[in-house]
């Protein structure tokens, strides 16, 4: 076992000051290094300014790295024999996570050695360890998780789809700020529009928390382009760029949409493989159906928002192409002014909340 | 204007004691009598034991009725010149709704002249007027709305997708009772399984209300086959027969799924109409795609649950086939022991809640 603080560096040692460095939990995800390392090689082809720190078992990583010429001199393997399993509970992961590939990947961000960390490992553990190592910027208990949902002309940024189950109005306003900053950084939209998820568009609809958050955002003291309440079907209609909700509703809505999409695929496949003429038809339409499926696939990774540092969670089943995309996403976000913008707007928040508290009775238009 | 109490009967007068009578808001929906009357004729072909009360403008209804031989002697037109528009607010509808076709349709249920009322009109107005005329059975503020979501082997009953935005544990337990009774009556499932919607399946997940409802349902004092927490994607997976949640989450999840399905249809159509080979393929696969779309279409109507009486809301855009199906649904539910079963279980509820309140600290397994 290697002492976690030292990181167990061997082989190539990178000059961490000259390039953008991304720190990778190379053991995470369903497939581990066999997917992560080829994905790194693929991603670096398009990211000439990026180098990588790879955290994990050197005996498994080194041979994989050696197989890809493009990685020579651009990655540093930092050995650790310890990993966090996909089944580990967050509390366990916090107690026993020190020195694992996930822990070390995040610690490199805190120590300023990398601009972002990427893991396809256990989500609960990643959130817990990130919060422990990097701490939160605002008053949030836990990082917010953002999802990108396809609509006909792009992607809707949807948050929180994670673990912030009970959200007061201030938390929803924080999500609006973070979601807008993320959308701008990730998709290059100058002034993203923001909507608050509700059960109707009238001002008096919904529970107290969303109506209060609506009042605060309407007042215009927070620097987001707020457009009022939106409903569930606006997420895939692209009505606004960013849809904000609490972590309970967001998680349920996201999984409901994923379930509906999965069910429709399965039924469609079944419908298109019954009868010879139908099957012939489906074969002829195949390339269009594949493009269709491609368009339906959201980005494979998402940042944990609200941390002092950039951590991206890539989905656990990621293949080579997905994980390569995740690295490109990390590079894009790391280069943007994203984190600084969130911090700037977060600092304005307490003042905005105070004024509104006094003014809330007259129901801002 | 006709006095609403008298109902303004003309023409055929039915013997209301010999048959199952359904009371219809014949002016409701986007298309009104031009869809409703042909739908009645269509439905009655398959419902020899059912007669109808038609509430609305006699000058418009009578000629339509005369056009269908099958309606002779089986419908009674009750004239009123007043209607509730699709735009009317619930509060307005309650104040000014007396004597409208919707109001009179529901009043016939309270007066015991009909076993069920069906309307394709304004949902908010229908809920408000139904509550005012029929009153609620339990402690619910408003009727719960149930949706039927397709999965590969049938339909999931999902509630509340309506207006009960703030739900404590007792309300969620009421939904479980009503949902199970509805599922049994509507789909003939002897012992429907019930799940509580949450953000994970572990006992400690979610907010206080779902955890408390979980404890009550686990204790087994309420007569439902409870299977624990389920997640958003379980709705379309058919994991349980009935999925229970509060009206805020339910409304958002339902609209999110509808939006996702609508978006996928649009994209699929676009994908299948680009390029000659693809279009040929799509034509060959057409009948399968139509069957697929049919399977994806949930029942057109749903009961408002928790009222002292049966009221079904049919979707506003219903065509002839949809509204005919809605009448068949109403007949099926009216003949079942549905309402009585809900009442029986509701009477057990206060006792079950009391015991659980005392025992809740030890966290029932």
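Residue numbers (our numbering), protein chains in the order written: chain A, 1 to 365; chain B, 366 to 730. Ideal Cβ positions, reconstructed from N, Cα and C, are used throughout, including at glycine. Keep in mind it's a predicted model, so treat the numbers as computed, not measured.
C-alpha of residue 623 (chain B) to C-alpha of residue 597 (chain B): approximately 13 angstroms in a straight line. Residue nearest to residue 687 (chain B) within the set B:385, B:437, B:401 is B:401 (criterion: CA-CA distance). Between residue 306 (chain A) and the set A:21, A:24, A:194, A:172, the nearest pair of CA atoms involves A:172. A Cβ-Cβ contact shorter than 8 angstroms links residue 109 (chain A) with residue 310 (chain A). In the DSSP annotation of this structure, the continuous segment of the beta strand (DSSP E) that includes residue 389 (chain B) starts and ends at 385–390. Contact annotation: the region 233–243 of chain A does not touch the region 600–607 of chain B, with fewer than three C-beta pairs closer than 8 angstroms. A contact between stretches requires three or more CB pairs, one per stretch, nearer than 8 angstroms, and the region 39–49 of chain A fails this requirement with the region 132–151 of chain A.
Of all residues in the region 610–630 of chain B, only 610, 612, 613, 614, 616, 617, 618, 619, 620, 621, 622, 623, 624, 625, 626, 627, 628, 629 place a beta-carbon less than 8 angstroms from a beta-carbon of chain A. For residue 70 (chain A), the closest alpha carbon among the candidates A:51, A:57, A:58, A:85 is that of A:51.
For the region 313–346 of chain A, the set of positions with a beta-carbon nearer than 8 angstroms to some beta-carbon of chain B is empty. In the same chain as residue 64 (chain A), and ignoring 5 residues on each side of it, the C-beta atoms closer than 6 angstroms to its own belong to 33, 37, in chain order. Under DSSP, the beta-bridge partners assigned to residue 678 (chain B) are B:484, B:667. Within its own chain, the residues whose Cβ lies closer than 7 angstroms to the Cβ of residue 49 (chain A), once the five positions on either side in sequence are excluded, are 19, 20, listed in chain order.
The shortest C-alpha to C-alpha distance from residue 457 (chain B) to any of B:485, B:445, B:494 is the one to B:494.
The C-alpha of residue 302 (chain A) is placed about 14 angstroms away from the C-alpha of residue 150 (chain A).
Nearest C-alpha to residue 589 (chain B) among B:545, B:664, B:561: B:545. Note that the C-beta distance between residue 148 (chain A) and residue 26 (chain A) is not below 8 angstroms.
Taken atom to atom, the span from the alpha-carbon of residue 707 (chain B) to that of residue 542 (chain B) is near 7 angstroms. Interface criterion not met: the Cβ of residue 511 (chain B) is under 8 angstroms from no Cβ in chain A. Relative to the Cα of residue 154 (chain A), the nearest Cα in the group A:29, A:61, A:183 belongs to A:183.
Residues of chain B with a Cβ closer than 8 angstroms to the Cβ of residue 141 (chain A) do not exist; the shortest Cβ-Cβ separation is about 13 angstroms. Note: residue 76 (chain A) is bridge-paired with A:53 in the DSSP secondary-structure output.
Here residue 522 (chain B) carries a strand assignment [DSSP, helix/strand/coil]. Just so you know, the alpha carbons of residue 134 (chain A) and residue 22 (chain A) end up roughly 16 angstroms apart. Around the beta carbon of residue 702 (chain B), fewer than 16 other beta carbons sit within 10 angstroms, so the residue counts as exposed.
At a cut-off of 8 angstroms between C-beta atoms, residue 231 (chain A) counts as an interface residue with respect to chain B. For residue 542 (chain B), the enclosing alpha helix (DSSP H) has its first and last residue at 534–552. At least 8 angstroms separates the CB of residue 222 (chain A) from every CB of chain B. Only residues of its own chain outside the window of five on either side were considered, and among them 388, 470, 471, 474, 676 have a CB closer than 6 angstroms to the CB of residue 482 (chain B), listed in chain order. Taking 4 residues as the minimum length, the alpha helix (DSSP H) runs contained wholly in the region 192–273 of chain A are 208–219, 247–271, in order along the chain. About 16 angstroms separates the beta carbons of residue 571 (chain B) and residue 592 (chain B), which is beyond the 8 angstroms limit, so they are not a contact pair. The contact set of residue 152 (chain A) on chain B, defined by CB atoms closer than 9 angstroms, consists of 628, 631, 632, 635 in chain order.
By the CB criterion at 8 angstroms, residue 715 (chain B) and residue 690 (chain B) fall outside the cutoff. Only buried fits residue 620 (chain B), as 16 or more other CB atoms lie within 10 angstroms of its CB.
Taking 8 angstroms as the threshold, the shortest C-beta distance from residue 521 (chain B) to chain A does not fall below it. Relative to the Cα of residue 614 (chain B), the nearest Cα in the group A:274, A:267, A:197 belongs to A:197.
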